[in-house]
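Heads up, the thing below is written out as structure tokens.
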Amino acid sequence: MTKSAPNTPEIQLDPVELRKARIARNERIGRWLLPIIVIVLTIVGWDLFCVINEVPHYVIPRPGRVLEALIEDWSLLISSLGATLVITFSALTLAIVGGVGLAILFAQSKWVEMSFFPYAIMLQVTPIIVIAPLIFIYVDSKFAGLLICAWIVAFFPILSNTTLGLKSADHNLVDMMKLYGASRWQTLRFLRLPSALPYFLGGLKIAGGLSLIGAIVAEFVAGSGGAGSGLAFRILEASYRLNIPRMFAAILLISFTGILIFMAMSFLSWLFLHKWHESAIKREI
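Using UniProt numbering, you'd call the opening residue of the sequence shown number 1 and step up by one each time.
Quick look at the structure:
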């Protein structure tokens with residue numbers, strides 16, 4: 001004689017929890033699916049526009065022609081992209097070092113900030129396309145000239161955001177550290193720098209893309225070819241030869257590179273902030 005299993009009551013899930021799980025799942029899917037749909041629709045619309053209006057490939061190439069150019073010229077374009085990225089990340093590194101260092105000085109001395117911050121603003125508001133020709137006149141090294149141009153563009157977001165972050169530390173905590181006899185550098189290390197980290201990472205997201213833009217603009221102004229030429233020169237070269245598919249391929253390569261840089265900076269920001277900062281902590285809906 002066999003024993004029948006006891007009737008176990010069915011577990012009723014809370015409708016609110018089910019709704020939260022469904023919304024979270026839809027957000028995860030939508031975060032990737034929606035951009036893909038937009039890209040696909042854009043490519044289809046681009047192709048249909050060229051076909052319906054019979055646009056010649058030397059005016060606006062069809063997506064297939066751009067893909068062919070990207071594959072055929074891959075070795076040339078990727079080597080030029082490498083040269084551009086060397087300038088980009090070198091300038092970004094210098095912008096981080098210079099921006100953070102100067103921001104610390106600004107936070108420690110109002111007199112230093114009042115003396116030098118207006119000149120930082122001047123560098124930011126003056127178009128790099130205006131400054132670049134002068135830089136290449138006064139600087140003998142092409143690499144140094146490209147580096148300076150890209151650095152100028154990327155420097156200000158790091159400086160401005162980090163300075164704001166260093167000044168945003170809780171004044172009650174600052175007063176408490178003074179009460180306990182903490183030195184200015186101890187206050188900087190244990191209070192102001194952690195408070196400035198989210199601001200710095202926000203500036204880093206901006207500076208990453210700007211350093212790429214600065215490198216491209218500087219290469220356009222420099223305009224010299226040969227070994228080690230960046231993507232901007234390849235675009236100029238293709239325009240002179242009316243090789244429009246290669247131009248589009250190089251532009252798309254720059255765009256995707258900029259997206260990857262932004263994604264990398266966003267991941268870095270999440271890595272440092274997701275355990276403690278409000279901007280990165282995942283909240284229940």
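All C-beta atoms, glycine included, are put in the ideal place defined by N, C-alpha and C.
Source: prediction; values computed, not measured.
In whole angstroms, what is the alpha-carbon distance linking Phe116 and Ala169?
As a working mapping, residue 116 is identified with position 116 in the sequence shown. As a working mapping, residue 169 is identified with position 169 in the sequence shown. Near 22 Å, if we compare the C-alpha coordinates of Ala169 and Phe116.
From Ile29 to Arg22, what does the alpha carbon distance come to, in whole angstroms?
Working through the sequence shown from its first residue, we reach residue 29 at position 29. Working through the sequence shown from its first residue, we reach residue 22 at position 22. The straight-line gap from Cα to Cα measures roughly 11 Å.
Rounding to the nearest angstrom, what Cα-Cα distance links Ile158 and Gly223 in this structure?
Indexing the sequence shown from 1 puts residue 158 at position 158. Indexing the sequence shown from 1 puts residue 223 at position 223. When rounded, the distance between both Cα atoms is 28 Å.
Excluding the 5 residues preceding and the 5 following Ile128 in the sequence, name in chain order all residues of the same chain whose CB lies nearer than 8 Å to its CB.
Against the sequence shown, residue 128 aligns to sequence position 128. Cβ within range, chain order: Cys149, Ile152, Val153, Gly214, Val217, Ala218.
My understanding is that Leu77 touches Ala207, with C-beta atoms under 8 Å, so please give their C-beta distance in whole angstroms.
Working through the sequence shown from its first residue, we reach residue 77 at position 77. Working through the sequence shown from its first residue, we reach residue 207 at position 207. Their Cβ separation, rounded to whole angstroms, is 25 Å, which puts Leu77 and Ala207 out of contact at 8 Å.
Expressed to the nearest angstrom, what Euclidean distance is found between the alpha-carbon atoms of Leu204 and Met265?
For the purposes of this step, residue 204 is identified with residue 204 of the sequence shown, where counting begins at 1. For the purposes of this step, residue 265 is identified with residue 265 of the sequence shown, where counting begins at 1. Between Leu204 and Met265, the C-alpha separation is close to 7 Å.
Ala24: buried (16+ other C-beta within 10 angstroms of its C-beta) or exposed?
Residue mapping note: residue 24 aligns to position 24 of the sequence shown, counting from 1. Looking at its Cβ environment, which holds fewer than 16 other Cβ atoms inside 10 Å, Ala24 is exposed.
Which complete alpha helix (DSSP H) runs does the region 179–203 hold, if anything under 4 residues is left out?
With a minimum length of 4 residues, the continuous alpha helix (DSSP H) runs that stay inside the region 179–203 are 184–187.
Going straight from the alpha carbon of Val40 to that of Ala196, what length do you get?
Residue 40 sits at position 40 when you count from the first residue of the sequence shown. Residue 196 sits at position 196 when you count from the first residue of the sequence shown. For Val40 and Ala196, the distance between alpha carbons rounds to 40 Å.
What is the DSSP secondary structure of Asn161, counted as helix, strand or coil?
Locating residue 161 in the sequence shown gives position 161, where the first residue counts as 1. Of the three classes helix, strand and coil, the one that applies to Asn161 here is helix, per DSSP.
Excluding five sequence neighbours on each side, which residues of the same chain lie with their C-beta closer than 6 Å to the C-beta of Leu123?
Indexing the sequence shown from 1 puts residue 123 at position 123. Closer than 6 Å at the Cβ level, and outside the excluded window around Leu123, lie Ile152.
Thinking C-beta only, is Leu164 closer than 8 Å to Tyr199?
Residue mapping note: residue 199 aligns to position 199 of the sequence shown, counting from 1. Residue mapping note: residue 164 aligns to position 164 of the sequence shown, counting from 1. A contact, by the Cβ cut-off of 8 Å.
So for Ile235, helix, strand or coil by DSSP?
Residue numbering aside, residue 235 sits at position 235 when the sequence shown is read from its first letter. Reduced to three states, the DSSP call for Ile235 is helix.
Name the residue from Leu188, Ile235, Pro133, Ala232 whose alpha carbon lies nearest to the alpha carbon of Ser109.
By one-based count along the sequence shown, residue 109 stands at place 109. For Ser109, the nearest C-alpha among the options comes from Leu188.
For the alpha helix (DSSP H) that contains Gln70, what are its first and last residues?
In the sequence shown, residue 70 corresponds to position 70, counting from 1. It should be noted that the sequence gives Leu, not Gln, for residue 70. Looking at the DSSP string, the run of the alpha helix (DSSP H) that includes Leu70 is 63–72.
Can you tell which of Ile104, Arg62, Gly64, His274 has its C-alpha closest to the C-alpha of Arg192?
Within the sequence shown, the letter at position 192 stands for residue 192. Of the candidates Ile104, Arg62, Gly64, His274, the one whose C-alpha sits nearest the C-alpha of Arg192 is Ile104.
So which of Pro61, Ser269, Thr88, Leu252 has the shortest CA-CA distance to Leu210?
One-based indexing of the sequence shown puts residue 210 at position 210. Comparing Cα positions, the closest option is Thr88.
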